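Report on one structure; see the data block that follows.
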Amino acid sequence: MEYNFRETEKNWQDYWAKNKTFKAENDSSKPKYYVLDMFPYPSGAGLHVGHPLGYIASDIFARYKRLKGFNVLHPMGYDSFGLPAEQYAIQTGQHPEITTKTNIARYREQLDKIGFSFDWGREVRTSDPSYYKWTQWIFIQLFNSWYNPETNKAENISTLIDKFRNNSLSFGEGRAEAWDNLSEKEQSGLLLEYRLAFLSDTMVNWCPQLGTVLANEEVKDGVSERGGYPVERKLMKQWSLRITAYAERLLNDLEGIDWTESIKEAQRNWIGKSEGTSLKFRIENSDSEIEVFTTRPDTIFGVSFVTLAPEHELVAAVTTAEQKKAVEEYITFAKNRSERERMADVKKITGVFTGGYVLHPFTGKKVPIWIGDYVLAGYGTGAVMAVPGHDSRDYAFAKHFDLPIIEVVAGGDLSKESYDAKEGKLINSDFLNGLEVKDAVKKAIAAIGEKGLGKGKTNFRLRDAIFGRQRYWGEPIPVYYTEDGIPKVLDETELPLILPEVDKYLPTETGEPPLARAKDWKYKGKFEYEYSTMPGWAGSSWYFLRYMDAHNDKEFASRKAIDYWQNVDLYIGGAEHATGHLLYIRFWTKFLYDLGLIPVTEPAKKLINQGMIQGVSSFVYRIGQRVFISKNRIGSKLSEEEMSMINPDEDNLTPLPIHVDVNIVNNNVLDIEAFKNWREEYKNAEFILEDGKYICGSEVEKMSKSKWNVVSPDTMVEQYGADALRLYEMFLGPLELSKPWNTNGISGVSNFMRKLWRLYHNGDTLNISDEAPAKPELKVLHKTIKKIVHDIENFSFNTSVSNFMICVNELTELKCNKRAILEPLAIIIAPYAPHMAEELWKRLGHTESITYAAFPEFREEYLVESAFNYPVSINGKTRFFQEYDLSLSKEDIEKEVLNLEQTQKYLEGKTPKKIIVVHNRIVNIVV
RNA sequence: GCGGAUGUGGCGUAAUUGGCAGCCGCGCCAGACUUAGGAUCUGGUGCCGUGAGGCGUGGGGGUUCGAGUCCCUUCAUCCGCACCA
270 MEYNFRETEK
280 NWQDYWAKNK
290 TFKAENDSSK
300 PKYYVLDMFP
310 YPSGAGLHVG
320 HPLGYIASDI
330 FARYKRLKGF
340 NVLHPMGYDS
350 FGLPAEQYAI
360 QTGQHPEITT
370 KTNIARYREQ
380 LDKIGFSFDW
390 GREVRTSDPS
400 YYKWTQWIFI
410 QLFNSWYNPE
420 TNKAENISTL
430 IDKFRNNSLS
440 FGEGRAEAWD
450 NLSEKEQSGL
460 LLEYRLAFLS
470 DTMVNWCPQL
480 GTVLANEEVK
490 DGVSERGGYP
500 VERKLMKQWS
510 LRITAYAERL
520 LNDLEGIDWT
530 ESIKEAQRNW
540 IGKSEGTSLK
550 FRIENSDSEI
560 EVFTTRPDTI
570 FGVSFVTLAP
580 EHELVAAVTT
590 AEQKKAVEEY
600 ITFAKNRSER
610 ERMADVKKIT
620 GVFTGGYVLH
630 PFTGKKVPIW
640 IGDYVLAGYG
650 TGAVMAVPGH
660 DSRDYAFAKH
670 FDLPIIEVVA
680 GGDLSKESYD
690 AKEGKLINSD
700 FLNGLEVKDA
710 VKKAIAAIGE
720 KGLGKGKTNF
730 RLRDAIFGRQ
740 RYWGEPIPVY
750 YTEDGIPKVL
760 DETELPLILP
770 EVDKYLPTET
780 GEPPLARAKD
790 WKYKGKFEYE
800 YSTMPGWAGS
810 SWYFLRYMDA
820 HNDKEFASRK
830 AIDYWQNVDL
840 YIGGAEHATG
850 HLLYIRFWTK
860 FLYDLGLIPV
870 TEPAKKLINQ
880 GMIQGVSSFV
890 YRIGQRVFIS
900 KNRIGSKLSE
910 EEMSMINPDE
920 DNLTPLPIHV
930 DVNIVNNNVL
940 DIEAFKNWRE
950 EYKNAEFILE
960 DGKYICGSEV
970 EKMSKSKWNV
980 VSPDTMVEQY
990 GADALRLYEM
1000 FLGPLELSKP
1010 WNTNGISGVS
1020 NFMRKLWRLY
1030 HNGDTLNISD
1040 EAPAKPELKV
1050 LHKTIKKIVH
1060 DIENFSFNTS
1070 VSNFMICVNE
1080 LTELKCNKRA
1090 ILEPLAIIIA
1100 PYAPHMAEEL
1110 WKRLGHTESI
1120 TYAAFPEFRE
1130 EYLVESAFNY
1140 PVSINGKTRF
1150 FQEYDLSLSK
1160 EDIEKEVLNL
1170 EQTQKYLEGK
1180 TPKKIIVVHN
1190 RIVNIVV
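FYI, the numbering used here numbers position 32 of the first sequence as 301, with every residue one higher than the one before it.
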C-alpha cells in the first residue's frame, strides 16, 4: 500500500488539535524558547504559496526545539485592523468585522492544512476588544509619560510637573511662569509638548483619496504605500508618538541584537543620526539671527550665501521691499508643489533671493540670504549655510544662480564639481589654514563655541510618528475633550473603548472622520471623543507580549508570564517591515521597559527575513480574435492550413501576449482542453502548435491574482500533501533569498517521501528488524544527524532537505530496516515532515506523539575512519587518488606518494620542489 | 549619490569555510516494464574534443603549494534610503 497522505495528514492534524499537542505552559522545568512569526493581515485573497515560507521555517525550528527538550512558545494570530477591509466595507456596506471574520476563518483553514505546530489557545486578533483594550491601555501610558533626558528614560508625567513646580518652569526652555498660576488649558498645552503621546499641529502626509493622514513609513515615493494614491503635505492637529525621544537608544541597541545587517542598516539610515554644530548668523540691520545646522563647520570661510526653506519663519522678516513680490510668488509656487512633484524633479533647481543679508560671524562680510526648496523645513533648523565649493547641492544652486564659489579645502577641481570629500588641507580660511579637515572641524567648533555663536549638536532624520488615522477600522484612541477642548485620556477602568457602529464608513459631510457618525457616542453622555483611530501598526507593536498570556483580562500580560518568556528568541518575517513595524515594536518595547513593566529592552533577539516567493506568469500569444500561436512559432513560416485560420484583413497580426492561468500550464505546455474551458471566449480557439504542443512564454513577476500566477498552498497540499509542500518550500533555496515559484520541482520531494515510506515498509506491511545495526548504517545515520543539527541551527533548511535525501538514498542502497536506525531517522525528520513522521512513529509501536521524543544524540565515534582516500594533485591539479592509513605521518605519506608509479608518470623525471600533505585532506606535489 | 545583498551547468542550488567545483533535485538523453502514461524502475548528463586531454564559479589583476571562497579593481542584477546640510 502506498502512503496515503490525504488520510494520514488529516488524522494527525485532528489528533494534534484534540490533544492540544502544542500547548505551551507558562512555567516549566524545561528551558524556554519563543519562536514568533510576523502575524498576517487576513486579506480576502487568502494565502498563496509564498506566505507559508517563513511559517514553515519557524515551525521546523519550533518542532526541533521541542525535540531538544525546550518549552516552546510558538503562537499565531491576526493583525486584523487595516485598510483593505475598510475599503471593501465602503464599497459593499459590509461591516469590516464580518469580512475580517470570514477571512480569518479562511486563513485558519489554510494554515491548518499545512500542519503547523501553533498553540492556537493563545491566538490574538488585534481587532478584538479584549486585545485592543490593552493597545489603548498602552496609549494611555504613553500619554501619561514624558521622556526625561536626565535619566534617559520615560517617566510618569508627574515627575515633570514636580520639576515645573520646583523650578517655576525654568525646566522648560525660556519659560518662567509658576506652574500653579497657569490655567488648566495652559498646563495641558505645556504638558502636550512633553507627553510621549501628544496632540500637536504638525505637517502631515495627507492622502485625499484615502481621506487620512499617513506616517512617513507609510509613504513611498510620494504616494501611499497602500493603494498608491498621491500624498500631500498639510498642517493638521494630530496625535503623534514621540519616537524621536528614543532615537539614540533605537540606534545604539541595534548593536546588541542578532538581526540581519540589511535591516539594521535600513534602521540606521532611517534614524539618520548626524553630528554637527549649530551656528548663528546675525541678520544685517537687525537683532535677529538665523541659526543653521552644519556637519562641516570647517568650511565656514567657504560660505557664500545662506539658504532658507520656503516655510522658514524669518522669510518675511529678511525679505526686502524690492524682493517681496518675487519671494511671495516663489513661496506660493513651492507650497503648491506636491511632495511627489518635488521628488520627481530633484534635479530642477528653484529658488529666489530675499534681498536680505546676514553677516559672516568671522569675517563680518555681507552674505546674501536666499530661499530654496532644496532646504527642508523639517530637518535641522530649516536653514543652511551654503558652501558651494564643498557641497554638491549648494554647488548646483550657486551655478544655477551664478553665486560665488569659494575653495576652502584643497584637492578638488571646482570648475567641474564641488569637492565634498572630508580630506585635504584648509585654504583661504584665516585661522584654519593648513589644517587637515578633521582638525579644522575641531578648531572651528571651538571657535564657534568661544564666540557664543553655537554649539555641538546632534540631528536625527527620524520624525515623530503620526498616530491618528481618519478611518473607521482601527482602535479608537481613548481620549475625550472637555468643553475647553482639553484632551483627556479615559480612566483605565473604562477600557476598552469599543469601536462604535456607524451608518457609513466614510467621512462626514463636514470632513470629520467616520467615527463622528456614531450615534450618541459621547463620553459620560456629554464630552466628544477623539474621532481618529490608531494606525495599523499600533496593535502589532506589542503583540509578542500578549501571546505570553493571551487571556489575561487584568493586565496586558502577567508579570510572571513576561518574566518567564522574556522576549522572542527567533522572529521570522518579511524585510518590508524594516523601518515600519520593526522600528515601532522596538520603540514600544523600550517604553514598556522604562516603565518597569517588562524586563527586556528589545522584542526579538534574532530576526530572519525570509525572501519573497515570486510568481512565474505564463503567456499565450493571440493573433486576431481566436488564433493562438505557440511561443517559438512566432515569426516562423506558417503552413497553408495554419494561414487559413487567420484573416489578414481583419486580424491584427502582431501576436498579443496574454496572461494565462498557470494552473493549466505544465512545463510551459498549455493544456489546450483546459484552456478552452477556462473562459467562454476561448471555447472555439484555434492553435498554431510546435511539435504538436502549445508552448507558453513565461516571466517572473510578483504573485498576484491579476497576473494569473497565484499558486495556492491548498492545491499543493491536495496534490502532494502538506509534508511535501513543507519540504519543497525549504528545498527551494536559502530562506532569505527571493525566488520564483516553480511547481515542477515538487515531484522530486514527493518521490523522496515515497522512498522514505518504503524504507520502513515492504509492500503493504511494516518491515522493521530489531537486529543490531551494521557500521555503515550507523555511519549514515550519524553523519545525517550531525548535518541536520548544523543545518537547522544555521537556518539552512534547504541543505537539510538535501541531506535527508542523501540519507534515504544511502539507507535504501544498504537495504537498511533496522529499528535502531529508522527510529532516530523518524525523529530528526519530524520537524520537516511531521505527519509522516508521526505515522511512522505510531507504526513503530509508540503511543505518544513524536513531538516530544528525544532528539538523537550525535556520536562522533561512528564517523571515525581509519583511512583516507587522498586526492593527489600535481601543481594543484588533481590527478589520481591514493588511500593511506590515517595513522601515517606526513613524512611517511610524502615518501609513499613519491614512490608511486603514477606519481613518477606525472613527474616526467623532474624532481618535485615541494610536497604538501594536509592530513585527512589532500596531497599536492609542486614541480 | 549612500547603503545592503546577489552573480556557479538548460533551471533551483551545494561545496566540513583556503583543500577533489557541480552534492541534492528539476529538466533532458538512453534503456527496462508496460492493452502508451504527464506512471514506475535503471543508467547517463558542466563545456569543448572521437580520444589523450583541455577549459571552466560575471570580467580583469593579485596573494598562495592550492582560490567559488582572501585582497584590489571592474561589470551586471535586485532591494532599501535619498535635496537630511
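Glycine is no exception: its CB is placed at the ideal position from the N, C-alpha and C atoms.
Owing to the predicted nature of the structure, the values given are computational and were not obtained by experimental measurement.
{"Query": "What residue range does the alpha helix (DSSP H) around residue 801 cover?", "Result": "Premise fails: residue 801 is in no alpha helix (DSSP H) and is neither H nor E."}
{"Query": "Going by DSSP, what residue range makes up the beta strand (DSSP E) through residue 970?", "Result": "966–970"}
{"Query": "Out of 465, 429, 466, 464, point me to the one whose CA is closest to residue 448's CA.", "Result": "429"}
{"Query": "Identify the residues that DSSP records as bridge partners of residue 934: which are they?", "Result": "939"}
{"Query": "Within 10 angstroms of its Cβ, does residue 1179 collect 16 or more other Cβ (buried), or is it exposed?", "Result": "exposed"}
{"Query": "Between residue 308 and residue 387, which are expected to be in contact by the criterion C-beta below 8 Å, what is the C-beta distance as a whole number of angstroms?", "Result": "Contact flag wrong, Cβ pair sits at about 10 Å."}
{"Query": "Mapping DSSP to helix, strand and coil, what is residue 1051?", "Result": "helix"}
{"Query": "When DSSP labels each residue in this structure, what does residue 883 get in the three-state scheme?", "Result": "strand"}
{"Query": "Have a look at residue 1025 and residue 1185 and give me their C-alpha separation to the nearest angstrom.", "Result": "43 Å"}
{"Query": "List the DSSP bridge partners of residue 596.", "Result": "None, per the DSSP bridge assignment."}
{"Query": "Let me know if residue 222 comes out buried or exposed under the rule of 16 or more other beta-carbons within 10 Å of its beta-carbon.", "Result": "Because the chain is modelled from 270 through 1196, residue 222 falls outside the range shown and cannot be assessed."}
{"Query": "Taking all protein chains shown into account, decide if residue 565 is buried (16 or more other Cβ within 10 angstroms of its Cβ) or exposed.", "Result": "buried"}
{"Query": "Have a look at residue 1116 and residue 1125 and give me their C-alpha separation to the nearest angstrom.", "Result": "19 Å"}
{"Query": "Name the one or two DSSP bridge partners that residue 738 has.", "Result": "802"}
{"Query": "Could you give the first and the last residue of the continuous beta strand (DSSP E) run that contains residue 476?", "Result": "466–476"}
{"Query": "Does the count of Cβ pairs from the region 806–821 and the region 853–862 closer than 8 Å reach three?", "Result": "yes"}
{"Query": "With a threshold of 7 Å on Cβ separation, who are the neighbours of residue 902 within its own chain once the five nearest residues in sequence on each side are excluded?", "Result": "957, 959"}
{"Query": "Apart from the five residues just before and just after residue 1151, which ones in its own chain have a Cβ nearer than 6 Å to its Cβ?", "Result": "1139, 1141"}
{"Query": "Following the continuous beta strand (DSSP E) through residue 1151, name the residue where it begins and the one where it ends.", "Result": "1146–1154"}
{"Query": "In the DSSP assignment, what are the bridge partners of residue 1139?", "Result": "1151"}
{"Query": "Heavy atom of the ligand SAH less than 8 Å from the Cβ of residue 1109, yes or no?", "Result": "Among the ligands in the structure shown, none appear at all, so the ligand SAH cannot be discussed."}
{"Query": "Where does residue 545 sit, in a helix, a strand or coil, going by DSSP?", "Result": "strand"}
{"Query": "Can you grab the Cα-Cα spacing for the pair residue 1073 / residue 300, in whole Å?", "Result": "28 Å"}
{"Query": "In whole angstroms, give me the CA-to-CA distance for residue 1109 and residue 1095.", "Result": "7 Å"}
{"Query": "Helix, strand or coil: how does DSSP classify residue 625 here?", "Result": "strand"}
{"Query": "Once the 5 residues before and after residue 962 are set aside, which same chain residues still bring their CB inside 6 Å of it?", "Result": "938"}
{"Query": "Could you check which residue in 341, 483, 803 has the C-alpha nearest to that of residue 743?", "Result": "803"}
{"Query": "Ordered along the chain, which non-local residues of its own chain (more than five positions away) have a Cβ less than 8 Å from that of residue 1147?", "Result": "1140, 1141"}
{"Query": "Is DSSP giving residue 552 helix, strand or coil here?", "Result": "strand"}
{"Query": "Which first and last residues belong to the alpha helix (DSSP H) in which residue 710 is found?", "Result": "706–719"}
{"Query": "Between the C-alpha atoms of residue 1006 and residue 879, what's the straight-line distance to the nearest angstrom?", "Result": "7 Å"}
{"Query": "Quick test of the definition: if touching needs 3 or more C-beta pairs under 8 Å, does the region 768–779 touch the region 738–757?", "Result": "yes"}
{"Query": "Checking the sheet assignment: what are the DSSP bridge partners for residue 507?", "Result": "469"}
{"Query": "Reducing DSSP to helix, strand and coil, say where residue 435 ends up.", "Result": "helix"}
{"Query": "Residues in the same chain with beta-carbon distance under 7 Å from residue 624, minus the five sequence neighbours each way, listed in chain order, please.", "Result": "588, 589, 591, 592"}
{"Query": "Can you give me the C-alpha to C-alpha distance between residue 642 and residue 799, rounded to a whole angstrom?", "Result": "35 Å"}
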